[in-house]
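Participant:
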Amino acid sequence: MNDKFLKPYSPQDTEANIYTRWQESGFFNPDKLPTRHQKPFTIVMPPPNANGNLHVGHALAIALEDIMIRYKRMQGFKTLWVPGADHAGFETQIVYEKKLEKEGRSRFKMDPQDLYKEILAFTLENKGNMEAQVRALGASCDWSREKFTLDPDVVAETHRTFKKMYDDGLVYRGSRIVNWCSKHATSLSDVETESKEKVDPFYYFKYGPFTISTARPETKFGDKYVVMHPDDKRYAEYKHGQQLTAEWINGPITATIIKDEAIDMEFGTGVMTITPWHDAVDFGIAERHKLDREQVIDMRGKLLPIAGEFAGLKIAEARPKIVEKLKAKGLLVKVDEKYVHNVPVCYKCETAIEPQILPQWFVKMQPLAEKAIKSVEAGEVVFQPDNYRKIFLYWMNNTLDWNISRQIVWGIPIPAKICDACGFAAPDLEGTLTTCPTCKSATALRADTDTFDTWFSSGQWPLLSLGYNSSKDGSARGDCKSFYPTDIMETGSDLIFKWIPRMVIFGLYLTGKAPFHTVYLHGLVNDAQGKKMSKSKGNVVNPTDLIVKYGTDALRIGLIVGNTPGTNLALSEDKIRGYKNFANKLWNISRFVLESTSGAGGTTAFAYDPTFTAWSEADKALVAERDTLVAEITKEMDENKFYLVAEKLYHYIWHRFADIILEDSKAILGSAAPNAVPTVAPSADKTSRAQFLLHTHRTILKAMHPFIPFVTEEIWSLLPKTAGEQTLLMVEKWPTA
RNA sequence: GCGCCCUUAGCUCAGUUGGUAGAGCAGCUCAUUUACACUGAGAAGGUCGGGGGUUCGAGUCCCUCAGGGCGCACCA
0 MNDKFLKPYS PQDTEANIYT RWQESGFFNP DKLPTRHQKP FTIVMPPPNA
50 NGNLHVGHAL AIALEDIMIR YKRMQGFKTL WVPGADHAGF ETQIVYEKKL
100 EKEGRSRFKM DPQDLYKEIL AFTLENKGNM EAQVRALGAS CDWSREKFTL
150 DPDVVAETHR TFKKMYDDGL VYRGSRIVNW CSKHATSLSD VETESKEKVD
200 PFYYFKYGPF TISTARPETK FGDKYVVMHP DDKRYAEYKH GQQLTAEWIN
250 GPITATIIKD EAIDMEFGTG VMTITPWHDA VDFGIAERHK LDREQVIDMR
300 GKLLPIAGEF AGLKIAEARP KIVEKLKAKG LLVKVDEKYV HNVPVCYKCE
350 TAIEPQILPQ WFVKMQPLAE KAIKSVEAGE VVFQPDNYRK IFLYWMNNTL
400 DWNISRQIVW GIPIPAKICD ACGFAAPDLE GTLTTCPTCK SATALRADTD
450 TFDTWFSSGQ WPLLSLGYNS SKDGSARGDC KSFYPTDIME TGSDLIFKWI
500 PRMVIFGLYL TGKAPFHTVY LHGLVNDAQG KKMSKSKGNV VNPTDLIVKY
550 GTDALRIGLI VGNTPGTNLA LSEDKIRGYK NFANKLWNIS RFVLESTSGA
600 GGTTAFAYDP TFTAWSEADK ALVAERDTLV AEITKEMDEN KFYLVAEKLY
650 HYIWHRFADI ILEDSKAILG SAAPNAVPTV APSADKTSRA QFLLHTHRTI
700 LKAMHPFIPF VTEEIWSLLP KTAGEQTLLM VEKWPTA
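Under numbering that gives the first Met the number 0, think of the first position of the first sequence as 0, with each following residue one higher.
1) In terms of DSSP beta bridges, what is residue 28 paired with?
2) Got a sec? Which residues, its chain only, sit under 7 Å from residue 563 by beta carbon, not counting five neighbours each side?
3) Inspect the beta-carbon positions of residue 66 and residue 140 and report whether they are closer than 9 Å.
4) Bridge partners for residue 418 per DSSP, in chain order?
5) Among all the DSSP beta bridges, which residues are the ones paired with residue 562?
6) According to DSSP, is residue 409 part of a helix, a strand, or is it coil?
7) Apart from the five residues on each side of it in sequence, which residues of its chain come closer than 7 Å, Cβ to Cβ, to residue 121?
8) Just mark residue 206 as buried or exposed, buried being the case when its beta carbon has 16 or more other beta carbons within 10 Å.
9) Report the residue from 118, 585, 345 and 721 whose alpha carbon sits nearest the alpha carbon of residue 702.
10) Report yes or no: do three or more beta-carbon pairs, one from the segment 618–629 and one from the segment 718–736, lie closer than 8 Å?
11) Please report the straight-line C-alpha distance between residue 308 and residue 451, rounded to a whole angstrom.
12) Assuming residue 428 and residue 412 form a contact by the criterion Cβ under 8 Å, report the distance between their Cβ atoms to the nearest whole angstrom.
13) Answer with buried or exposed for residue 705, where buried requires no fewer than 16 other C-beta atoms within 10 angstroms of its C-beta.
14) With distance defined between alpha-carbon atoms, name the residue in 565, 558, 591 and 667 nearest to residue 61.
15) To the nearest angstrom, report how far apart residue 52 and residue 133 are at their CA atoms.
16) Residue 438 by DSSP, collapsed to three states: which one?
17) Counting only runs of 4+ residues fully inside the segment 640–702, write out the alpha helix (DSSP H) ranges in chain order.
18) Measuring only the C-alpha atoms, how far is residue 589 from residue 113?
19) Using a Cβ-Cβ cut-off of 7 Å (strictly less than) and excluding sequence neighbours within five positions of residue 738, which residues of its own chain qualify?
20) Specify, as a first and last residue, the run of the beta strand (DSSP E) that residue 174 falls within.
21) Below 8 Å on the Cβ atoms is my contact criterion, and I expect residue 551 with residue 14 to pass it. Report the Cβ-Cβ distance as a whole number of Å.
22) Excluding sequence positions up to five away, which residues of its chain have a Cβ less than 7 Å from the Cβ of residue 392?
23) Between which two residues does the beta strand (DSSP E) carrying residue 532 extend?
24) Just list the beta strand (DSSP E) runs in the segment 242–322, keeping only unbroken ones of 3 residues or longer that don't cross its boundaries, in chain order.
25) What whole-angstrom Cβ distance do residue 500 and residue 395 have, given they're in contact under 8 Å?
26) Keeping to the same chain, check which residues put their C-beta closer than 7 Å to that of residue 313; ignore five residues upstream and five downstream.
27) Pick helix, strand or coil for residue 358, following the three-state DSSP scheme.
28) For residue 291, does the count of other Cβ atoms within 10 angstroms reach 16, so buried, or fall short, so exposed?
29) Hey, how far is the Cα of residue 778 from the Cα of residue 530?
30) So residue 502 and residue 362 are supposed to be a Cβ contact under 8 Å. How far apart are they, rounded?
31) Since residue 76 contacts residue 38 with CB under 8 Å, what's their CB separation in whole angstroms?
32) If we count Cβ pairs, one from each stretch, closer than 8 Å, do we get three or more for the segment 539–548 versus the segment 483–501?
33) Can you tell me whether DSSP reads residue 197 as helix, strand or coil?
34) For residue 260, tell me which candidate among 247, 285 and 655 has the shortest Cα-Cα distance.
35) Using the C-alpha atoms, what's the distance from residue 348 back to residue 407?
36) If you compare alpha carbons, which of 85, 283, 469 and 511 is closest to residue 399?
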């Protein structure tokens, strides 16, 4: 028996060495696996943001994906787990802007190219840091295939997709209302906004013969359309298109009556004026009736000249002054001081979103969403847990065209030319357009300075990370040839909107195949009381700290047990400490098994015999019990019920194998070795029990390996091997009953 | 407003097609030069949120109420 067993198991002295051994074996790379590994099994890692440290949610994701991969690898699949790093466009730019702010700098005063270079350096530094943390978690991913979301081939392929979609009529440039964050000075997609409850005064004003109401008087300068429901009997005397004069903020205005069903007759007075430039509903009404639209607020949140004496003021300052003026003119009817409503805010800075009409690139969603719905309804993609299927379908049935232009530098540039003279806009991948094809102007034609929404490229990630290349249609397409479609997409449940639908859409659009057959969604990792971790509450748990204290194995299994897909997990340090004890228990079990089956002076009394079947009566029952367990957990592994498997194995190993079977074995096997220098043959009962311990010990190590890879691999390395056994446990066969 | 999820032992959670309630942690009582104190043995602890229904039988299926969480929403 190896002397290492004389000391307690030390994860700190073991894990890094084991990881090196795995990496040097080459087995993370599917092409280097032994020949029994033929059928591909693929997971693409959701690339962690390369802008900071991993949090404990990442640790859960890595643990889950690694369990899936290690299990399948042991079963003989040709496993590929593609690691990645995300430049995370908008998110990283915000992290960097905060850093600039602390240094008293601002991106608005910087040359965009310098800013890009600085963020790139920052990201590359964090990328290395992030990768080291992924390794520390034991991830058996193929680093030789690692992809960064700004790698040149990723950028080139994203550009080609943009062009293809434009050619197919699925991408267009349009002046539509978008979500504008005036702090970050960029537009945002609908999933990048949140709604927040606000209490504001709600004003009622006289507008010609009507009383209208609003929470935003500062947008009302240009309002010249009065809208009411066509069925509203109160206003039946007014006809659609009829004109009338109304006294308004800066003098009389000619107003036009519009009848539209978007109006809620129950709300307010049932009459409103519209501001199409700064309100999505109003924009919709204006679109339907082809009405004029005028900008009132500029891109930094200040009033434009249309506001007359109020021009140049910020919204917050202007609002009370405008109300004051209307009151003085006798147009203020009443004010509800406490009007509760939800306003959209930027999901990062909580600045109120100012809708603006901007020329941007949009993806036409409906035809793409229809394909995704069909695919999911046909069962080509299944969700774990199943209720996310409903959420997915609801989302796909209610799509709006997707704005993919961002006014930030950190991202993939949009390869397009825009003509400021005639409005021409089209992709120009090679940069060959120098004069506008429509109006022939050379001076008005410029390159688009915007970048893509990160999700435009991330949505293609299963393809991009596998080297998909649409320009070589029909020929070799990198790893996509053998590994696409992938098998499982494991990610956080919050990405059910932001990411999953886009991957399904792009996969179907570009290849006709959904990018994965299973979506496994994990929940949030909360603190021990089930409260969300946040910096302000001070309850954030850093995975690296836990690894240092308890070892990666303890952290991994602590994150898995009691964690069902889709539901949040309460993580307590006690739990992880308990699993550190478990790793040590396994260590001592190994020591006992080796000691009690080996002879004195290093001779082996009982060598592991894989073909042994002459079980004693007592051991037959134990073999049957173990085989039942193996059959159960194999089924549960196939169903991705890792929480059940981990718990069952834990219970069997500790409370059956160690507490009962090992204790009983002491009496059967005698004090230590049966006979160092055998004078009589060991009894049949002794042989049977010794073989049972040796067999079951190996079964336990193999079955636990996906969950606690380090300690099981370390123990495996200390076992005397029999012919046919692999040097590394990671490529041993998964046990069979 | 619409939708989804949750409510089971002190705490955190399991409980597969309906068939006599489970685990981990904490707590309690003992034991202890043991493979292992990173330990063992034992006991205790729940009318499964309330009410109603279906059924021979409901933690599980249906209805309803209450509490908690989350998501979506263009009532100006």
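Note that beta-carbon positions come from the ideal geometry of N, C-alpha and C, so glycine has one too.
Owing to the predicted nature of the structure, the values given are computational and were not obtained by experimental measurement.
Facilitator: Short version:
1) None, per the DSSP bridge assignment.
2) 642
3) no
4) 444
5) DSSP output for residue 562 lists no bridge partner at all.
6) coil
7) 95
8) buried
9) 585
10) yes
11) 38 Å
12) So it is not a contact: roughly 11 Å between Cβ atoms.
13) buried
14) 558
15) 10 Å
16) coil
17) 641–650 and 662–668
18) 58 Å
19) Look at the range of the chain in this structure, 0 to 736, and you will see that residue 738 is not part of it.
20) 170–180
21) 6 Å
22) 372 and 375
23) Looking at the DSSP string, residue 532 is not in any beta strand (DSSP E), and its letter there is neither H nor E.
24) 242–247, 250–258 and 270–272
25) 6 Å
26) 300 and 301
27) strand
28) exposed
29) Any answer about residue 778 is impossible in this case: the structure gives the chain only from 0 up to 736.
30) In fact, because the Cβ distance is near 14 Å, the residues do not count as touching under 8 Å.
31) 5 Å
32) no
33) strand
34) 285
35) 16 Å
36) 283
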